[in-house]
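Which chain is which? The protein sequence lines are Y and A, in order.
Counting in full-length UniProt numbering, the first sequence runs from 1 upward without gaps.
Counting in full-length UniProt numbering, the second sequence runs from 1 upward without gaps.
Glycine is no exception: its CB is placed at the ideal position from the N, C-alpha and C atoms.
Report on one structure; see the data block that follows.
Number of protein chains: 2
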Amino acid sequence: MSARDVPMNAPARVPTPQPGDPRLARLSLNQRTTANWSLREAVEGCAAAGLGTIGVWREPVAEAGLAVAARMVRDAGLRVSSLCRGGFFTSGDPIGDNVTALDEAAALGCDALVLVPGGLPSGDRDLAGARQRVADAVAALVPHARDRGVRLGIEPMHPIFAADRGVISTLAQALDIAEQHPPDVVGVVVDTFHVWWEPGVLEQIARAGQRIVSYQICDWITPLPADTLLSRGMVGDGHIDFAALTRAVSAAGYRGDVEVEIFNADVWAAPGSDVVATMTRRYVEFVEPHL
Amino acid sequence: MSARDVPMNAPARVPTPQPGDPRLARLSLNQRTTANWSLREAVEGCAAAGLGTIGVWREPVAEAGLAVAARMVRDAGLRVSSLCRGGFFTSGDPIGDNVTALDEAAALGCDALVLVPGGLPSGDRDLAGARQRVADAVAALVPHARDRGVRLGIEPMHPIFAADRGVISTLAQALDIAEQHPPDVVGVVVDTFHVWWEPGVLEQIARAGQRIVSYQICDWITPLPADTLLSRGMVGDGHIDFAALTRAVSAAGYRGDVEVEIFNADVWAAPGSDVVATMTRRYVEFVEPHL
């Protein structure tokens with residue numbers, strides 16, 4: 001077994017699962033994990049690796065053209081696990097752009113829109129007010145999401161991002177908002193990077209139950225890379241207990257896709273096919289047995 | 001008014017409070033804010049600026065010699081607001097060294113030992129287990145702290161440090177531990193950098209009540225500096241609502257010192273006297289009116 005895991009360049013510890021391996025049935029590549037691939041390359045890379053789903057971002061979809069992108073995914077026999085990203089609810093008038101994002105998700109045949117809450121507007125120190133604006137915007141989006149058959153997934157973000165990206169800091173907080181609406185319309189995104197440290201996270205995952213819209217995985221590594229936006233690690237390279245979190249997500253009733261989403265300059269510098277191969281190995285080692 | 005604030009080199013917005021100004025009565029310099037000053041320089045710097053207290057660290061105290069350090073502080077007419085730091089409870093056998101730290105605090109005439117919880121041991125992903133070890137170690141220290149008349153201040157740390165420095169991530173979690181013991185022996189440290197993002201933080205400060213052992217202030221700035229350990233900002237340069245947090249701490253009954261503790265390479269690069277002058281200006285602008 002001469003394969004090596006990226007980005008640590010360590011010998012692979014398990015054989016690479018091959019296309020058709022039933023263990024890959026729920027694994028999805030979030031396309032930002034292979035940021036240097038075009039949408040077409042990512043779609044082809046998923047298909048070649050035997051993945052059935054891909055998580056896509058609005059910008060590369062727009063670049064390819066919405067209809068072209070939808071056909072590209074479909075023609076490769078893939079499904080879109082989630083669309084990233086709506087949200088950014090804390091400043092400006094965010095509803096119009098989020099309605100557009102819901103339309104895009106529907107056109108892609110995707111039933112999950114990931115909502116990044118948004119940070120504090122420049123010079124604004126009113127965190128409670130910003131959090132309330134997120135709740136208000138979610139409420140305003142509910143009828144639009146219901147119309148389009150797309151679920152809103154509120155993504156709580158690690159407190160490292162509370163100031164500049166995501167004022168919703170815990171799964172508990174996201175659920176407080178989601179629970180004001182029907183579970184088939186508003187739920188939460190469980191991203192291991194964001195919630196692994198949360199006190200009582202297993203209980204919050206149980207509380208989420210059918211509201212888990214997406215389960216996203218990557219690791220928390222130390223020392224933390226200098227750019228906090230690129231500080232996510234390959235599954236298994238860090239400190240997160242994927243067994244415990246995955247068991248909790250499964251016990252909550254989640255039967256959906258498991259998306260690998262890693263923003264990391266070293267991962268991005270590696271060939272996309274090596275990234276996908278490493279992620280499938282790590283997934284069958286650390287995550288899949290606990291689903 | 002030609003004074004300039006460090007490290008941003010912006011014109012000072014308020015006159016520098018002078019020695020004898022009653023607004024400085026509760027302001028303390030944590031000596032790590034002026035990391036390039038020796039203990040003697042920090043003591044002299046505090047006295048020159050009209051501060052009555054200083055927060056000291058064990059390493060520079062040991063370097064000066066415990067008795068010498070105690071006399072140095074006393075001879076300058078100062079008091080020690082807190083000793084940093086005990087804790088690091090999650091690996092090894094931490095009790096002995098913490099008992100020594102309690103002895104040092106008592107010798108310095110200081111009644112507050114700041115406890116940094118400690119991170120996950122290398123390769124260990126059991127966060128719940130590490131958190132339990134913190135609770136167990138605090139319990140083991142209680143009789144020693146009571147004997148010496150020194151309060152244990154559990155410092156919840158921003159989740160950015162959950163893996164490598166402090167597994168207690170919220171004021172709520174720290175209080176869950178502290179409340180198992182008498183309030184005159186075990187309390188919490190409220191550090192704005194660590195807790196500003198916490199959902200319900202104002203309620204948790206109210207809950208803390210008489211258990212607030214130390215109130216430490218610095219800001220959360222973005223973009224976050226590359227070294228997370230040096231990512232704290234000068235009060236007023238970032239996103240933290242000092243008015244709200246300070247009012248809550250005051251309403252909880254806290255009448256103790258307010259320590260400025262900033263780890264930041266740019267702050268450290270500035271002359272110590274400029275750092276102290278800036279911090280006194282920022283304190284009277286952002287914090288003192290709300291006490």
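At a cut-off of 8 Å, the C-beta of PRO289 of chain A has no neighbouring C-beta in chain Y. ALA10 of chain A carries a strand assignment under DSSP once its states are collapsed to helix, strand and coil. Boundaries of the beta strand (DSSP E) around ASP191 of chain Y: 186–191. Ranked by Cα distance from SER122 of chain Y, the options Y:GLY96, Y:ALA128, Y:SER91 are led by Y:SER91. By the Cβ test, the segment 207–220 of chain A is not in contact with the segment 120–140 of chain A, since fewer than three Cβ pairs between them sit closer than 8 Å. The segment 227–235 of chain Y makes no contact with the segment 202–213 of chain Y: fewer than 3 CB pairs, one atom from each, lie closer than 8 Å. By the C-beta criterion, the segment 2–15 of chain A is judged not to be in contact with the segment 70–86 of chain Y, since fewer than 3 inter-stretch pairs fall below 8 Å. Secondary-structure assignment with DSSP links GLN216 of chain Y through a beta bridge to Y:ASP191, Y:GLU259. Check the Cα spacing between THR228 of chain Y and each of Y:ARG207, Y:GLY256, Y:LEU245, Y:ALA265: the tightest is with Y:ALA265. Under the Cβ distance rule, GLN173 of chain A counts among the residues neighbouring chain Y, one pair being separated by less than 8 Å. Residue environment analysis places GLY153 of chain Y among the buried positions, since at least 16 neighbouring C-beta atoms fall within 10 angstroms of its C-beta. In this model, MET157 of chain Y and LEU78 of chain A are separated by some 43 Å (Cα to Cα). With fewer than 16 neighbouring CB atoms inside 10 Å of its own CB, GLU59 of chain Y falls in the exposed class. Note on geometry: alpha-carbon atoms of ALA48 of chain Y and TRP268 of chain Y lie some 19 Å from one another. Following the DSSP letters along the chain, one finds CYS110 of chain Y in no alpha helix (DSSP H), marked with neither H nor E.
Partner residues in the beta bridge of THR53 of chain A, as assigned by DSSP, are A:SER28, A:ARG79. Classified as buried, ASP241 of chain Y has 16 or more neighbouring CB atoms from the shown chains inside 10 Å of its CB. Look at the segment 140–160 of chain Y: the residues with a C-beta under 8 Å from a C-beta of chain A are HIS158, PRO159, ILE160. With respect to the 8 Å criterion, ALA252 of chain Y and VAL6 of chain Y are not classified as neighbours on the basis of their beta carbons. Sixteen is the threshold: since fewer than 16 other Cβ atoms of the shown chains lie within 10 Å of the Cβ of THR100 of chain Y, the residue is exposed.
Between ASP5 of chain A and chain Y, the shortest Cβ-Cβ separation is not below 8 Å. Secondary structure note for ARG151 of chain Y: its beta strand (DSSP E) is the uninterrupted segment 151–154.
At the C-beta level, GLY149 of chain Y and ALA178 of chain Y stay beyond 8 Å of one another. Chain Y has a Cβ within less than 8 Å of the Cβ of LEU224 of chain A. Linking VAL116 of chain A to GLY86 of chain A through their CA atoms gives a straight-line distance of about 6 Å.
For LEU202 of chain A, the enclosing alpha helix (DSSP H) starts and ends at 201–208. Under the three-state reduction of DSSP, GLY86 of chain A is assigned to strand.
Look at GLY118 of chain A here: in three-state DSSP terms it is strand.
Residue pairing by DSSP puts GLY233 of chain A in a beta bridge opposite A:ASP219. Residue burial is scored here from C-beta neighbours: ASN36 of chain Y has fewer than 16 other C-beta atoms within 10 angstroms and is therefore classed as exposed.
Bounds of any alpha helix (DSSP H) do not take in TYR283 of chain Y, whose DSSP letter is neither H nor E.
Contact between ILE205 of chain A and ALA248 of chain A is confirmed by a C-beta separation of about 4 Å, below the 8 Å threshold. Taking a beta-carbon distance threshold of 8 Å, ILE240 of chain A counts as an interface residue toward chain Y.
Proximity of the segment 167–183 of chain Y to the segment 122–136 of chain Y meets the contact definition, three or more beta-carbon pairs being nearer than 8 Å.
Contact of SER91 of chain Y with chain A by beta-carbon distance below 8 Å is absent, the smallest such distance being about 14 Å. As computed with DSSP, ASN264 of chain A is found in a beta bridge with A:SER231.
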